[in-house]
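Chains as they are written, first to last, in this note's numbering: chain A, 1 to 229; chain B, 230 to 458; chain C, 459 to 687; chain D, 688 to 916.
Every residue gets a Cβ at the ideal spot worked out from N, C-alpha and C, and that includes glycine.
Number of protein chains: 4
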Amino acid sequence: MAGRQSTSMPAGNRRKAAGPAVAERRPRAGRMASGGVIREAAAALFLERGYQSTSMDDIAAAARVSKQTIYTHFADKRELFADLVLGNVERVDAFLGTMADTLRGPDVEAGLRRFARLYVHFVIRPEVLRLRRLVVGEAGRFPELARTYYERVPGRVYSTLAQLLEELARRGELTISDPDLAAQHFVWLVLGLPLDRGMFDVDAPAPTAERLDRIADAGVRVFIAAYGG
Amino acid sequence: MAGRQSTSMPAGNRRKAAGPAVAERRPRAGRMASGGVIREAAAALFLERGYQSTSMDDIAAAARVSKQTIYTHFADKRELFADLVLGNVERVDAFLGTMADTLRGPDVEAGLRRFARLYVHFVIRPEVLRLRRLVVGEAGRFPELARTYYERVPGRVYSTLAQLLEELARRGELTISDPDLAAQHFVWLVLGLPLDRGMFDVDAPAPTAERLDRIADAGVRVFIAAYGG
Amino acid sequence: MAGRQSTSMPAGNRRKAAGPAVAERRPRAGRMASGGVIREAAAALFLERGYQSTSMDDIAAAARVSKQTIYTHFADKRELFADLVLGNVERVDAFLGTMADTLRGPDVEAGLRRFARLYVHFVIRPEVLRLRRLVVGEAGRFPELARTYYERVPGRVYSTLAQLLEELARRGELTISDPDLAAQHFVWLVLGLPLDRGMFDVDAPAPTAERLDRIADAGVRVFIAAYGG
Amino acid sequence: MAGRQSTSMPAGNRRKAAGPAVAERRPRAGRMASGGVIREAAAALFLERGYQSTSMDDIAAAARVSKQTIYTHFADKRELFADLVLGNVERVDAFLGTMADTLRGPDVEAGLRRFARLYVHFVIRPEVLRLRRLVVGEAGRFPELARTYYERVPGRVYSTLAQLLEELARRGELTISDPDLAAQHFVWLVLGLPLDRGMFDVDAPAPTAERLDRIADAGVRVFIAAYGG
DNA sequence: AATGAATGAGTATTCATTCAT
DNA sequence: TATGAATGAATACTCATTCAT
Chain A
1 MAGRQSTSMP AGNRRKAAGP AVAERRPRAG RMASGGVIRE AAAALFLERG YQSTSMDDIA
61 AAARVSKQTI YTHFADKREL FADLVLGNVE RVDAFLGTMA DTLRGPDVEA GLRRFARLYV
121 HFVIRPEVLR LRRLVVGEAG RFPELARTYY ERVPGRVYST LAQLLEELAR RGELTISDPD
181 LAAQHFVWLV LGLPLDRGMF DVDAPAPTAE RLDRIADAGV RVFIAAYGG
Chain B
230 MAGRQSTSMP AGNRRKAAGP AVAERRPRAG RMASGGVIRE AAAALFLERG YQSTSMDDIA
290 AAARVSKQTI YTHFADKREL FADLVLGNVE RVDAFLGTMA DTLRGPDVEA GLRRFARLYV
350 HFVIRPEVLR LRRLVVGEAG RFPELARTYY ERVPGRVYST LAQLLEELAR RGELTISDPD
410 LAAQHFVWLV LGLPLDRGMF DVDAPAPTAE RLDRIADAGV RVFIAAYGG
Chain C
459 MAGRQSTSMP AGNRRKAAGP AVAERRPRAG RMASGGVIRE AAAALFLERG YQSTSMDDIA
519 AAARVSKQTI YTHFADKREL FADLVLGNVE RVDAFLGTMA DTLRGPDVEA GLRRFARLYV
579 HFVIRPEVLR LRRLVVGEAG RFPELARTYY ERVPGRVYST LAQLLEELAR RGELTISDPD
639 LAAQHFVWLV LGLPLDRGMF DVDAPAPTAE RLDRIADAGV RVFIAAYGG
Chain D
688 MAGRQSTSMP AGNRRKAAGP AVAERRPRAG RMASGGVIRE AAAALFLERG YQSTSMDDIA
748 AAARVSKQTI YTHFADKREL FADLVLGNVE RVDAFLGTMA DTLRGPDVEA GLRRFARLYV
808 HFVIRPEVLR LRRLVVGEAG RFPELARTYY ERVPGRVYST LAQLLEELAR RGELTISDPD
868 LAAQHFVWLV LGLPLDRGMF DVDAPAPTAE RLDRIADAGV RVFIAAYGG
């Protein structure tokens, strides 16, 4: 939004007064970065309004770019959407690293608690919830994309967690027969309540950090009762 | 929901298959019952294609009714959607009753297992998953509706379960300090894995009954380890 | 206004008369000037059929342009209508200049007679009457527009006339205490009869030039009897 | 509005036998008055929103009557409109009588002044202006109706006035060669300004009674200057 | 006389995408 | 690389009118 055109001309009647000289033009600062600008504009709009309610015109306007310029960078609307959904998958890597670090330490339960808290706070962020809603809601239209998102984003957390749990089991810190299942139990004990609520209640204020911590801790307690020692 | 049309044809592409004779047209008697027909047609299409991808024309065609007839029964498209989402809420009652029955019995763990299996099978049905995806995906456009759905459908299961667990605790069969939280733990231990996967993977074949049972049982085992006796 | 299309065909039903070959289609060059074409087509149709009875489809067909092209040039139907009503206001300027010239001369009554004849002929033209009917008829829907039209078109004539009359009074040629009122008397003595009839009788043949001149002269005679010397 | 039909019997309900339980029915208080109720509802809506913007549904709702009941009383929408426009023509008679009375008296100028005031107040009433706008605006769709309205309503005033003026001229009170033209001059001297403004400015507050009287008096003064003695 | 249900044609407006420059 | 102009098909919703009861 915000002060959208540097020219002082009352936007809208540019049509006729195209201007004589070409040099005078070029209002856009960076010129080249269109791709990124478009990507960001599209992402913001998709997350805010959904896929179908966001038009290419909206995106072009938000990116301050002509519609055709979008098509220079992206084949079609689907691609723009796929870019939003899968474009930041690599960011998960960072989280995966932190995850391992968090879990490490002499006190297993404390480690699990640290990770549980980290994870629930991460997932409950509004933009993550919105993306999740978006992907789920468009799963009918983009089945492949939804599946891929699942594998690449939460799926990688699950499998990494399973590996780490298995390691702890091998070290005798936990008693686990099926590490994948155990990972699922851990995740849903911690995430189930706030994530489910968050998916349905759009306008609800996010739970407070304290509440999230308590939920995480309670989940870990149950997990330890079943898999501890 | 309910078997909407005895014909197995995927409503909507009738246009081409107009039939051989023109005389064959107008099979509908002329009066009555349109409301129900429309409701069912709309429900089927919404679940199949989503809200925005289903047009009023599609619904009219599927219901074999003129478009305006839809508008005599429903104020607008939103109302038709709300009808799908909240129109069958009372069916939950039946489930709630069964639920209580299922839990009853001398062996607590066996009761929980029966319920867990019942619940997971219930929730994993394709039409339930589709409705869930639909509501979540349109939560941005229909926040109130999504919230209401949450309260009336899964919410009622949660609170009923919490009551039943509390009762068991009072009878000394379980050790529970926060029944609502315990109910959430139970639900997500059992449902988390298949529901999460089901939400994202549209085309995936439903898990086999055996697999679901095993998942349910495993969840109950963890629950008992934490809350048992 | 402006002779809009040289073809005498009643624009709009070209569809059927598509011509023999398919290659013949798309006669419009491809670019440019659409704005003007649309404007003219819309004006002609609005004047002929009225606002509500003219559909955007009609306009698009008459302008030989796709419907969406209309929307790239004009925000909505209202804007197209406003363009017709206020788009040619500046043409009044020409008339205002002529008006002053006409009135000038040694013989005041002769000058008034010249102006009266000019004015009545100007106003009684079918397209002016149609526009007047249109604006009045849509005054309920476009109150602001009707008010503006009144101020900018007849209103400017009235006030210019008042100024000129005041000048004549200052020179002792007329006796006028309230120039605005005198201008109104002049205008309605001359215009009242033919304009009122013209507003109601759509199909009536326009009065002959002689009849209009006689009406104008008679009006001036009354005016002079009251305000002369 | 007022019961326009002199027959007190409900048009034609003999066809069917009354049936056994006729007394029990009668949900509507007045039963018979549907025609009138519809007429009034339609009139109010047409005047408020215009012809095209008033739907038969609107009228049915406002009259608290089923849509089909409207069609029992009126052939179609046009007839309902014609009824509004021409249905109260006979009221002009009352005005015509008053008009003659008003003009009578020893002082001609005073009589003309009385009539001028009466007339301008009559015509400037909002509902009269609205009807006039409506008829003018729909003159394209209902040319015959507009012409008839003109003849029957203002036209009768004009011709009656012409007769009365001619009589005065015959009595030597005025000097008039063309009574019809003189009547037009009178009418437009008095009405021109407020009627023209009133037609275009929908929302404008009606002129005060004093202002209208002053306008009327000024018009009469000009008329007398030209046609007096 | 009155109704509730139904209809087919039509309303303004929006869409993702392509073309010539 | 970027654009403004153009498009055809689709969108939700409305209309005056008729049918069977």
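According to the Cβ coordinates, are residue i and residue j closer than 8 angstroms?
{"i": "alanine 604/C", "j": "valine 593/C", "result": "yes"}
{"i": "isoleucine 405/B", "j": "tyrosine 348/B", "result": "no"}
{"i": "valine 645/C", "j": "alanine 674/C", "result": "no"}
{"i": "alanine 558/C", "j": "leucine 622/C", "result": "yes"}
{"i": "glutamine 635/D", "j": "tyrosine 845/D", "result": "In the structure displayed, chain D extends from 688 to 916; residue 635/D sits before or after that span and is not available."}
{"i": "leucine 51/A", "j": "phenylalanine 81/A", "result": "The residue asked about is misnamed: residue 51/A is tyrosine in this sequence, not leucine. For tyrosine 51/A and phenylalanine 81/A, yes; Cβs fall inside 8 angstroms."}
{"i": "glycine 97/A", "j": "leucine 103/A", "result": "no"}
{"i": "arginine 590/C", "j": "leucine 505/C", "result": "no"}
{"i": "isoleucine 757/D", "j": "alanine 748/D", "result": "no"}
{"i": "glycine 545/C", "j": "arginine 736/D", "result": "no"}
{"i": "leucine 441/B", "j": "histidine 350/B", "result": "yes"}
{"i": "alanine 683/C", "j": "alanine 728/D", "result": "no"}
{"i": "alanine 206/A", "j": "aspartate 180/A", "result": "no"}
For the alpha helix (DSSP H) holding residue i, just list the boundary residues, first then last.
{"i": "glutamate 40/A", "result": "34-49"}
{"i": "arginine 572/C", "result": "566-581"}
{"i": "valine 815/D", "result": "813-824"}
{"i": "aspartate 638/C", "result": "637-658"}
{"i": "valine 321/B", "result": "320-332"}
{"i": "threonine 759/D", "result": "754-760"}
{"i": "alanine 206/A", "result": "Here alanine 206/A belongs to no alpha helix (DSSP H), and DSSP marks it neither H nor E."}
{"i": "tyrosine 515/C", "result": "One point to set straight first is that residue 515/C is aspartate, not tyrosine, in the sequence displayed. Looking at the DSSP string, the run of the alpha helix (DSSP H) that includes aspartate 515/C is 514-521."}
{"i": "arginine 381/B", "result": "372-381"}
{"i": "aspartate 656/D", "result": "With chain D represented from 688 up to 916, any question about residue 656/D goes unanswered, as that position is not in the structure."}
Should residue i be labelled buried (16 or more other beta-carbon atoms within 10 Å of its own) or exposed?
{"i": "glycine 105/A", "result": "exposed"}
{"i": "glutamate 548/C", "result": "exposed"}
{"i": "aspartate 770/D", "result": "buried"}
{"i": "glutamate 596/C", "result": "buried"}
{"i": "aspartate 780/D", "result": "exposed"}
{"i": "alanine 29/A", "result": "Summary for alanine 29/A: the model assigns pLDDT 43, below 50, so the residue's position carries little reliability, and this model does not support an answer."}
{"i": "glycine 12/A", "result": "Confidence is the limiting factor: at glycine 12/A the pLDDT is only 33, short of 50, which leaves the residue's position unreliable, though a coordinate-based value still follows. The residue is exposed, with fewer than 16 neighbouring Cβ atoms inside 10 Å."}
{"i": "aspartate 287/B", "result": "buried"}
{"i": "arginine 575/C", "result": "buried"}
{"i": "threonine 283/B", "result": "buried"}
{"i": "alanine 433/B", "result": "exposed"}
{"i": "glutamate 173/A", "result": "buried"}
{"i": "glutamate 210/A", "result": "exposed"}
{"i": "glutamate 373/B", "result": "exposed"}
{"i": "glycine 722/D", "result": "buried"}
In the DSSP output, which residue or residues are listed as bridge partners for residue i?
{"i": "glycine 686/C", "result": "Leu632/C"}
Does the Cβ of residue i lie closer than 7 angstroms to at least one heavy atom of the ligand ATP?
{"i": "isoleucine 811/D", "result": "As far as ligands go, the structure on display features none, and thus does not contain the ligand ATP."}
Do the segment 186-200 of chain A and the segment 126-134 of chain A meet, that is, are 3 or more Cβ pairs less than 8 angstroms apart? In short, these stretches touch, since the Cβ pair count reaches three.
Can we say the segment 161-169 of chain A touches the segment 208-225 of chain A, given the rule of at least three CB pairs closer than 8 angstroms? The segment 161-169 of chain A vs the segment 208-225 of chain A: no contact.
Is it true that the segment 54-65 of chain A meets the segment 294-311 of chain B, where meeting means three or more beta-carbon pairs spaced less than 8 angstroms apart? Too few Cβ pairs lie closer than 8 angstroms, so no.
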